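Protein chains in written order, with the numbering used here: chain A, 2 to 320; chain B, 2 to 320.
2 protein chains.
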Amino acid sequence: MNYHPDQTPTKKDILKAAIRIGQYIHKTPVLTSENLNSIFGCQLYFKCENLQKAGAFKSRGAVNTVFSLNENDVISGVCTHSSGNHAAALSRAASLKGIVAHIVMPEDSSKVKISAVKHYGGKITFCKPTLASRETALIKVIEKTAALEVHPYNDPRIIAGQATAAMEMFGEIDPLDIIMAPVGGGGLLSGTALAANYFSDKTKVIAAEPEQADDAFQSFKANTFYPSVNPNTIADGLRTSLGSLTFPIIQKYVDDIVTVSEKGIVEAMKLIWERMKIIVEPSSAVPLAAILEKKFDCPGKKIGIIISGGNVDLNALPW
Amino acid sequence: MNYHPDQTPTKKDILKAAIRIGQYIHKTPVLTSENLNSIFGCQLYFKCENLQKAGAFKSRGAVNTVFSLNENDVISGVCTHSSGNHAAALSRAASLKGIVAHIVMPEDSSKVKISAVKHYGGKITFCKPTLASRETALIKVIEKTAALEVHPYNDPRIIAGQATAAMEMFGEIDPLDIIMAPVGGGGLLSGTALAANYFSDKTKVIAAEPEQADDAFQSFKANTFYPSVNPNTIADGLRTSLGSLTFPIIQKYVDDIVTVSEKGIVEAMKLIWERMKIIVEPSSAVPLAAILEKKFDCPGKKIGIIISGGNVDLNALPW
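If you want it as structure tokens, here you go:
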């Protein structure tokens, strides 16, 4: 999907998204931990999108997009290729709208993710686990079904939906010094940055990315798009490349991107499980890993962190 | 501690407790899951005391008791014997009050529990892992320090504190048909039953207990106190016997007690982790296990469940 920066969601687009999705998503809680605050010497606020419908922030963008579409455009359903949370979120959104979702999934997708898609009524087409196979399989699905593609992140309606998480947080917590999100394809990050710009313009936006999948960091620093090549990180939600719309929004509205080690991600993930008593997936722990690894100046600051999701295989934990 | 049923907390005691503890505890969220509702055919509301300070509902009773005490009575601090969540909660409450907490812990207590007590500044005396050793060690601590004993459950101030969890829930959710709590010593259950009686008198109170630690079930059915003898359950918070105050309250205000298998507890625990994305300890899963094992008539009902705590050793999960 190629979008132009002119299609950047406006403040009104985000407010409309919040109204549109309100009845279909959870207004997730913001949790705090004295214990983590005392470890890190700052005040941390966790926006718990792991407690969101289908276990991830992706439900926001998917519902906003599906419910923005013209009835005639979606008469043949929607489709996407995804091995992760977007697949389940889109299946759920389509089911709420009463249309079908065709999902192309790599054949090595985790059982948990496959059964989530099935649970929400998504129709799965399996393919080889390469980007080329996924794209080819999706084209075939579109030719066969005439379903409308919903991209996981490079779409202004998706971005406006994801922005509502940070917007809710700004409405609930006193001015934050910093808001953090992990960055993969950039849908959550660009939405978060726009929400900060429109609703809390003194809040700095800092993204965190695995060192071993640092394409957004490289692109941001060089002001040139670099794709994600052979990303090798436990943070399975952050292996994708930025898009033609998410990248310019990030260039314009994000203050900094920092990178973290794999060890830091696992340590931060376990800290959140132990101290916060919530289940988060590795991608969600990447911002706290940046605080743990002292990648920017945190002490004394009020820092909001978007916990992106909680879909983990409980039989294969990284400790 | 021997209390008479006349010392049963009143409605006013519970309201006062809520005000007294308000600034020191979390008003925990009530979470729901479409997914679990569709599995069980009822509407479930989870009051998440696993997200409470120190990871369990015990913080409510401990803070209420410590902050109810006369300054002169606690000049030498407070004490208790506990291998579990009461130890950490009392240490935290004492530290907030600026007094010392002496905690007698069995030497085989889990590292996680020991480090939680230390984190909150509790002074630990280790003893052999038998009830007799614990009681003897506690008497010695009292002789030496003149600290005031705070019992983990058989105390009206503890019960009034624990009652605030259900009270908050009744204030937030439309009339519940049923409210459930696990039962060990009966502090949470008696508080929950009193809260139902005072604030939501059409709500039935159903307790759940492990089959392999069914002393409360036996006592309730026979109307005679039976102690807990050799309890052998994964639900480590539910191994204790009822008390002289908790038992009569339970006899009077609880509608039913049902028992569940160990397999059911583990299955329910994993379901909560997977579907709710929250970390709960085995004791917390006992009420859902009763629904899973169809121990009472659930379909179509609105059921509140108090999730008692989330302190689990993440390196030793039961699956």
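Each residue gets a CB set at the ideal place from its N, CA and C atoms; glycine is no exception.
Values in this document were obtained by computation on a predicted structure and should not be read as measured data.
| Query | Result |
| --- | --- |
| Rounded to the nearest angstrom, how far is the Cβ of residue 236(B) from that of residue 214(B), given a contact under 8 angstroms? | 7 angstroms |
| Alpha carbon to alpha carbon, what distance is there between residue 269(B) and residue 261(B)? | 11 angstroms |
| Determine the chain B residues that contact residue 30(A) at a beta-carbon separation under 7 angstroms, and present them in chain order. | 30 |
| Can you list the residues of chain B that residue 275(A) reaches, using a CB-CB cut of under 7 angstroms? | 315 |
| Specify whether the segment 69-78 of chain B and the segment 270-284 of chain B touch according to this definition: at least 3 beta carbon pairs, one from each stretch, less than 8 angstroms apart. | no |
| Would you list the residues sitting across from residue 258(B) in a DSSP beta bridge? | 208(B) |
| Does any CB atom of chain B fall closer than 8 angstroms to the CB of residue 195(A)? | no |
| Below 8 angstroms on the Cβ atoms is my contact criterion, and I expect residue 266(A) with residue 211(A) to pass it. Report the Cβ-Cβ distance as a whole number of Å. | 6 angstroms |
| Can you confirm whether the segment 296-310 of chain A touches the segment 20-27 of chain B when touching is taken to mean that 3 or more C-beta pairs between the two stretches lie within less than 8 angstroms? | no |
| Check whether the Cβ atoms of residue 26(A) and residue 54(A) sit closer than 8 angstroms, and answer yes or no. | yes |
| So residue 35(B) contacts chain A; which residues on that side make the cut at Cβ distance below 8 angstroms? | 54 |
| Should the segment 157-168 of chain B be called in touch with the segment 117-127 of chain B, which here means at least 3 C-beta pairs below 8 angstroms? | no |
| Is the CB of residue 51(A) under 8 angstroms away from at least one CB in chain B? | yes |
| Can you confirm whether residue 279(A), when its beta carbon is compared against all beta carbons of chain B, has any partner nearer than 8 angstroms? | yes |
| For residue 114(B), would you say it is in contact with chain A, using Cβ-to-Cβ distances shorter than 8 angstroms as the test? | no |
| Does any residue of chain E have a CB that is nearer than 8 angstroms to the CB of residue 271(B)? | The structure shown has no chain E; the protein chains it does contain are A and B. |
| Would you kindly work out how many angstroms separate the C-alpha atoms of residue 377(B) and residue 250(B), rounded to a whole number? | This structure cannot speak to residue 377(B), because chain B is shown only from 2 to 320. |
| Verify whether the separation of the beta carbon atoms of residue 188(A) and residue 160(A) is less than 8 angstroms. | yes |
| Per the DSSP calculation, residue 95(A) is bridged to which residue(s)? | DSSP output for residue 95(A) lists no bridge partner at all. |
| According to DSSP, simplified to helix, strand and coil, what is residue 52(A)? | helix |
| Flag residue 65(A) as yes when its Cβ comes closer than 7 angstroms to any non-hydrogen atom of the ligand GTP, and as no otherwise. | Absence of the ligand GTP is noted for the structure shown, with no ligands found whatsoever. |
| Under 7 angstroms Cβ-Cβ, which residues of chain B neighbour residue 311(A)? | 278 |
| Looking only at C-alpha atoms, which of 151(B), 119(B), 256(B) and 248(B) sits nearest to residue 228(B)? | 248(B) |
| So, helix, strand or coil for residue 101(A), using DSSP? | coil |
| Going by DSSP in three states, residue 241(A) sits in which element: helix, strand or coil? | coil |
| Is residue 313(A) helix, strand or coil by DSSP? | coil |
| Do residue 9(A) and residue 153(A) have their C-beta atoms closer together than 8 angstroms? | no |
| Starting from residue 183(A), trace the beta strand (DSSP E) in both directions and tell me its first and last residue. | 179-183 |
| With a 10 Å radius around its C-beta and 16 neighbouring C-beta atoms as the bar for buried, classify residue 48(A) as buried or exposed. | buried |
| Considering only residues of the same chain and omitting the five flanking positions on each side of residue 130(A), which have a CB-CB separation below 7 angstroms? | 107, 108 and 109 |
| What is the residue span of the alpha helix (DSSP H) that residue 62(A) lies within? | 59-69 |
| Report yes if the C-beta distance between residue 246(B) and residue 155(B) is below 8 angstroms; otherwise report no. | yes |
| Quick one: measure Cβ to Cβ for residue 252(B) and residue 221(B), integer angstroms, because I've assumed they're closer than 8 angstroms. | 7 angstroms |
| For residue 204(B), collect the residues of the same chain with a Cβ closer than 8 angstroms to its Cβ; drop the 5 residues on either side in sequence, then sort them by chain order. | 171, 176, 177, 178, 179, 180, 197 and 305 |
| If you draw a straight line from the alpha carbon of residue 141(B) to that of residue 82(B), how long is it in whole angstroms? | 12 angstroms |
| Measure the CB-CB distance between residue 150(A) and residue 132(A) and report whether it falls below 8 angstroms. | no |
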